[in-house]
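Enquirer: I'd like to ask some things about the structure below.
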Amino acid sequence: MRMAKDPDRKSEPEDHDEQADAEVAEVAEAEEAASPGHPSCPQCGWHNTRLSHTRNALDSILRALSLRAFRCRTCGNRFRVRYSSKA
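This is the structure we're talking about:
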């Protein structure tokens, strides 16, 4: 014999929404804290970027002109922007 469904009972666990909210908050927090003042990625729009390593002579020349290479931690895109470090 099958039991009738309880109308007050939800079909999904209640902590599912809490987990999703926690993940969204964690990503937003990481985005804000990871690289303050760094540019956003032109490909995906996230601010989760870091300075990229100098690869060749062109990077060195452009670095002297304040054009720095950045890499997006989210999508992996490497891009250059005018940037001066404020040390």
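Residues 30 to 116 (my numbering) are what the sequence shown spells out, left to right. We treat Cβ as the ideally placed atom computed from N, Cα and C, and that holds for glycine. Just so it is clear, the structure is predicted and the values come from calculations on it, not from any experiment.
Whole-angstrom Cβ separation of threonine 83 and phenylalanine 99, contact assumed at under 8 Å?
Expert: About 12 Å separates the two Cβ atoms, so there is no contact after all.
Enquirer: Anyone know if the C-beta pair for serine 95 and serine 81 falls short of 7 Å?
Expert: No; because the gap between Cβ atoms is not below 7 Å, this pair is not in contact.
Enquirer: Applying the criterion that 16 or more other CB atoms from any shown protein chain within 10 Å of the CB defines a buried residue, is cysteine 73 buried or exposed?
Expert: Under this definition cysteine 73 is an exposed residue.
Enquirer: For a test of the three-state rule: what should DSSP assign to glutamate 60, helix, strand or coil?
Expert: Confidence in glutamate 60 is poor, its pLDDT being 47 and thus under 50, which makes the residue's placement unreliable; the coordinate value appears in the next sentence. It is helical.
Enquirer: Taking C-alpha atoms, which residue in Thr103, Leu91, Gly105, Arg102 lies nearest to arginine 111?
Expert: Nearest C-alpha to arginine 111: Leu91.
Enquirer: What three-state label does DSSP hand aspartate 44 in the structure shown?
Expert: Residue placement at aspartate 44 cannot be trusted, given a pLDDT of 49 that sits under 50; the coordinates are not used to answer.
Enquirer: Can you tell me whether arginine 92 is helix, strand or coil according to DSSP?
Expert: Helix at arginine 92.
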